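Worksheet for the structure shown next.
Numbering (full-length UniProt numbering), first residue to last: 1 to 259.
Next comes the structure, spelled out in structure tokens:
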């Protein structure tokens, strides 16, 4: 899990392409539809440049435009890139049969998350009973320090990396129970290192217990995490640890991707 490095001097780096991609990245679950002024503000581009880039992306089919409001939103063509990624990710192909079997066995929501910069991103989501729409969408990001998947991936790093990440990476409050104390987060990561899995309660969604176990390469490098969500109306932390954790850990260990 590393921060994005911005190139300084690279003759192969195309800054105009970077600006166009910056516009595509600005849309999110909190910013579904944006006007030109908002896009310019969010990306740091001047309005004239933003207008040219937005018009080009619209003409290429990556942005849809509301004729009445003159606001833009991601088009269906976005999914082409997601589709290509999922086919190209060998880990997704390797893990999917095991994740499907795990979901059938437990009858619960099963996800797989990948680290990206200071967050984790869900690349596989197999919904269980009464899963909400937001909890079933591929591509959702959550701060690594907040998500059990992020913490368990971090637990496989060295002490210096863990302390640096805990001290500097961002936090986000999702519920009244989201841990915002960095000392408690560090403790959670260290417990995950000792146990080989991480559990959290009501941290991202108010009605869920979350369990995560790391997927590592043969040399021990963490590359992903299997994540299970349980409804608190049916499960306690103690029950989950006894009945669910062994299956999550076993499945994660059975997936050994190449580095």
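By construction, the Cβ of each residue, glycine as well, lies at the ideal position given by its N, Cα and C atoms. Keep in mind that this is a model prediction, so the values were computed, not measured.
(message) Between the alpha carbons of residue 65 and residue 77, how many angstroms are there, rounded?
(response) 13 Å
(message) Give me, in chain order, the residues of the same chain whose beta-carbon lies closer than 7 Å to that of residue 213; leave out the 5 immediate sequence neighbours on both sides.
(response) 152, 196, 197, 225, 226, 248, 249, 252
(message) Assess contact between the stretch 199-211 and the stretch 168-187, defined as three or more Cβ pairs (one per stretch) separated by less than 8 Å. Is contact present?
(response) yes
(message) If the criterion is Cβ atoms closer than 7 Å, does the pair residue 103 and residue 126 meet it?
(response) yes
(message) Going by C-alpha to C-alpha distance, which of 43, 122, 27, 110 sits closest to residue 75?
(response) 27
(message) What does the Cβ neighbour count give for residue 25, buried or exposed, with the cut at 16 atoms within 10 Å?
(response) exposed
(request) Measuring alpha carbon to alpha carbon, tell me which of 156, 158, 185 ends up nearest residue 277. (result) Residue numbering for the chain in the displayed model covers 1 to 259; residue 277 lies beyond these limits and cannot be assessed.
(message) Can you look up residue 215 in the DSSP assignment and give me helix, strand or coil?
(response) strand
(message) DSSP three-state label for residue 180, please.
(response) coil
(request) May I ask you to report which of helix, strand or coil DSSP gives residue 268? (result) This structure leaves residue 268 out entirely; the chain is present only between 1 and 259.
(request) Check residue 47 in the structure and name its three-state DSSP category. (result) helix
(request) Taking only the alpha-carbon atoms, compute the straight-line gap between residue 133 and residue 140 and give it to the nearest angstrom. (result) 11 Å
(message) With a threshold of 8 Å on Cβ separation, who are the neighbours of residue 50 within its own chain once the five nearest residues in sequence on each side are excluded?
(response) 23, 36, 39, 40, 43
(request) State the start and end residues of the unbroken beta strand (DSSP E) segment that holds residue 200. (result) 198-201
(message) Extract the residue ranges of the beta strand (DSSP E) inside the UniProt domain "HTH iclR-type" (14-76), only unbroken runs of 3 or more that lie entirely within it.
(response) 63-65, 72-74
(message) Counting C-beta neighbours from all protein chains within 10 Å, is the total for residue 115 16 or more, i.e. buried, or is it exposed?
(response) buried
(request) Pull up the distance between the alpha-carbon of residue 46 and that of residue 61, whole angstroms please. (result) 22 Å
(request) Leaving aside the five residues before and after residue 58 along the sequence, list all residues of the same chain whose C-beta is less than 8 Å from its C-beta, in chain order. (result) 64, 65, 72
(message) Using only the alpha-carbon positions, how far apart do residue 209 and residue 157 sit?
(response) 24 Å
(request) Compare the Cα-Cα distances from residue 164 to each of 173, 154, 172 and report the closest residue. (result) 154
(request) Please name the residue or residues paired with residue 229 in a DSSP beta bridge. (result) 109, 210
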